[in-house]
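Chemist: Below are the structure tokens for one structure; questions will follow.
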Amino acid sequence: MKSLLLMRHAKSSWKDDDLADHKRPLKKRGRKDAAEMAKIIKKKNLVPDLVLSSSAVRAEQTTEIFTEKLQFKGEIEVLDVFYMAEPETIIEKLNTVSDEINRVIVIGHNPGLESLVQQLGDKIDSLPTSAIAVIELPIDSWKELNHESTGKLSKFFLPEKDSK
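If you want my numbering, it's the position in the sequence shown, counting the first as 1, plus 332.
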């Protein structure tokens, strides 16, 4: 059994119209939410073995705050291909993960992450900023994961709802 956590980056700023989408930073609320989500994941004993993040500034900042609050000591990979990635791209990367790794978190963007939750887990209305979907996958190797795989959406955390 493998666990996949899918986290949409925290709330980002649209203040600077001249800033490229890839360069948009987090808002103050986004920074707070990323820290809150780390507390939730730690409290629920769902700390990942590996962190895979998009290279967009808002995703990298989410990753930095999240892993710092977790006191995460494992490997963090920042990937250009995860910027606005489709589910297939995420699955292809997961296929390369060592089988010694049992729990992975992907920190990225919609619509790809939301689509992946629905593809592998269950239907969800949306994956808002900072939300984390936890999917339990009945596989022994990450190489077994493909677009036809089905798992179970075991938990779904929202910053405003679950931090209280």
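Ideal Cβ positions, reconstructed from N, Cα and C, are used throughout, including at glycine. On a predicted model such as this, the values are computed, not experimentally measured, just so you know.
Opposite A465 in the DSSP bridges: which residues?
Modeler: DSSP output for A465 lists L338, F488 as bridge partner(s).
Chemist: Which whole-angstrom value is the C-beta distance of S447 and Y415, which I expect to be below 8 Å?
Modeler: Contact doesn't hold; Cβ gap of about 15 Å is too wide.
Chemist: How long is the line joining the alpha carbons of Y396 and E476, rounded to whole angstroms?
Modeler: Here the sequence assigns Glu to residue 396, which means Tyr is not the residue at that position. Cα to Cα, E396 sits roughly 30 Å from E476.
Chemist: Please state whether the Cβ-Cβ distance between V429 and L382 is less than 8 Å.
Modeler: Yes; because the gap between Cβ atoms is below 8 Å, this pair is in contact.
Chemist: Put G444 into one of helix, strand or coil per three-state DSSP.
Modeler: Helix at G444.
Chemist: Can you find a C-beta in chain C that's less than 8 Å from the C-beta of K475?
Modeler: Protein chains in the displayed structure number just one, and chain C is not present.
Chemist: Terminal residues of the continuous beta strand (DSSP E) containing L384?
Modeler: From DSSP, the beta strand (DSSP E) with L384 extends over 382-386.
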